[in-house]
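Numbering (the working numbering), first residue to last: 1 to 204. Glycine residues also receive a C-beta, built at the ideal position from the N, C-alpha and C atoms. Structure first, then comments.
Pasting the structure below:
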């Protein structure tokens, strides 16, 4: 089973035959499984019927879906650690939040304005009706429009709108962790003692 990129997970969720998490996980597992008992398999083969032939038992399919989830989802320990280690500084322009990921990457997020948040939510709704795809798209696009730098290097937000550019910088787990950090800082409240003291900026 290979590790999927964020754009591959979104694609798999969009290809799912339903909107449930099970259907999205099944579609993603089909994309992630590349070999069974030494035989190479493709998504097209698995989607075309080989999935049921190779894994006739419901239990087998669910085990693969759960394995895929474990690989591609941050656990509660990771989430709590990232949120606990967030730090904020207030500049003349905006609040800047430092987020340190388990991978070692350090991202700086800038407070967005309300119009930017609303625009992100509107765009996600039009991009996919699948909740799994929506969750990842929301994390990716909200973070992208707040992202200032990664490991001290400024980022090009416009370039990061390209799937391949984002995938080269962040994996699925890091994307979801950044999304959780973004929500903690700008939605759930974060450090209320300093929130609102600086002027929010509009992302592009």
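Using only alpha-carbon positions, find the residue among the options that is nearest to residue i.
i	options	result
residue 187	139, 63, 102 and 156	139
residue 90	106, 105, 82 and 110	110
residue 120	105, 131, 137 and 108	137
residue 7	156, 181, 185 and 162	162
residue 170	150, 183, 180 and 181	150
residue 9	56, 114, 79 and 167	167
residue 79	95, 103 and 62	103
residue 154	117, 88, 107 and 112	107
residue 86	76, 99 and 92	99
residue 20	156, 146, 133 and 147	133
residue 127	4, 14 and 2	14
residue 42	116, 2 and 24	2
residue 24	130, 135 and 160	130
residue 181	124, 123, 148 and 97	97
residue 65	95, 94, 105 and 12	12
So if DSSP puts residue i in a beta bridge, which residue, or which two residues, is it bridged to?
i	result
residue 153	150
residue 40	35
So residue i and residue j are supposed to be a Cβ contact under 8 angstroms. How far apart are they, rounded?
i	j	result
residue 184	residue 46	Their Cβ separation, rounded to whole angstroms, is 37 angstroms, which puts residue 184 and residue 46 out of contact at 8 angstroms.
residue 32	residue 68	6 angstroms
residue 114	residue 143	About 17 angstroms; that fails the 8 angstroms criterion.
residue 165	residue 112	Their Cβ separation, rounded to whole angstroms, is 20 angstroms, which puts residue 165 and residue 112 out of contact at 8 angstroms.
residue 34	residue 54	The pair is not a contact, with the Cβ atoms about 12 angstroms apart (cut-off 8 angstroms).
residue 156	residue 101	Wrong, their Cβ atoms sit about 20 angstroms apart, outside the cutoff.
Sequence ranges, alpha helix (DSSP H) only - wholly within the region 64 to 132, length at least 4: 76 to 84 and 114 to 127
Given 8 angstroms as the limit, is there contact between the region 59 to 75 and the region 28 to 37, that is, 3 or more CB pairs closer than that? yes
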